[in-house]
Amino acid sequence: MEKKKKFDTSDHISSTSFIEATTLLAKNIRTVGLEISRSIASEVLIQQKSEMTIQESALKLYPTLCEVKGLTEDEHYRALNKILDHPTQMLIFLSLPSSVRLEWVRKFL
Numbered sequence: 014m015e016k017k018k019k020f021d022t023s024d025h026i027s028s029t030s031f032i033e034a035t036t037l038l039a040k041n042i043r044t045v046g047l048e049i050s051r052s053i054a055s056e057v058l059i060q061q062k063s064e065m066t067i068q069e070s071a072l073k074l075y076p077t078l079c080e081v082k083g084l085t086e087d088e089h090y091r092a093l094n095k096i097l098d099h100p101t102q103m104l105i106f107l108s109l110p111s112s113v114r115l116e117w118v119r120k121f122l
């Protein structure tokens, strides 16, 4: 003959506590998931803006290099190819006053 377990108050409290803890954990997981999603979206937006800035700068690079007096045609093309491989250096070059660009390019090459 099987014995049936008696249901007592401590079982009810334990199951209620377990359900409450599980519900709270689920809410916390949802909240963390939303925060991660927002963070990723923000990072993607920052990355896209950075890429746009670099693309816009790349479009300005050749005309700006052509304005640098004293560079040979070969130096113009070598500088263009090399600077495009280094986006940070491109931003630096474009931010320099025109009076120092020739020296900067020659040192960069």
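According to the numbering used here, the sequence shown is numbered sequentially starting from 14. Note that CB positions come from ideal geometry on N, CA and C, so glycine has one too.
Practice problem: Find out if the Cβ-Cβ distance for the pair LEU78, ALA92 is shorter than 8 Å. | Solution: yes
Quiz prompt | Residue environment, LEU84, which counts as buried when at least 16 other CB atoms sit within 10 Å | solution = buried
Quiz item: Given 8 Å as the limit, is there contact between the region 53 to 73 and the region 31 to 38, that is, 3 or more CB pairs closer than that?
Solution: no
Quiz prompt | Residue range of the alpha helix (DSSP H) that includes VAL81 | solution = Unbroken run through VAL81: none, as it is neither H nor E.
Quiz item: Could you give the distance in angstroms between the alpha-carbon of MET65 and the alpha-carbon of LEU58?
Solution: 11 Å
Self-check item: Inter-residue CB distance, PHE121 and LYS95 (contact presumed, cutoff 8 Å)
Solution: 7 Å
Quiz item: With 16 other CB atoms within 10 Å as the buried threshold, where does PHE106 fall?
Solution: buried
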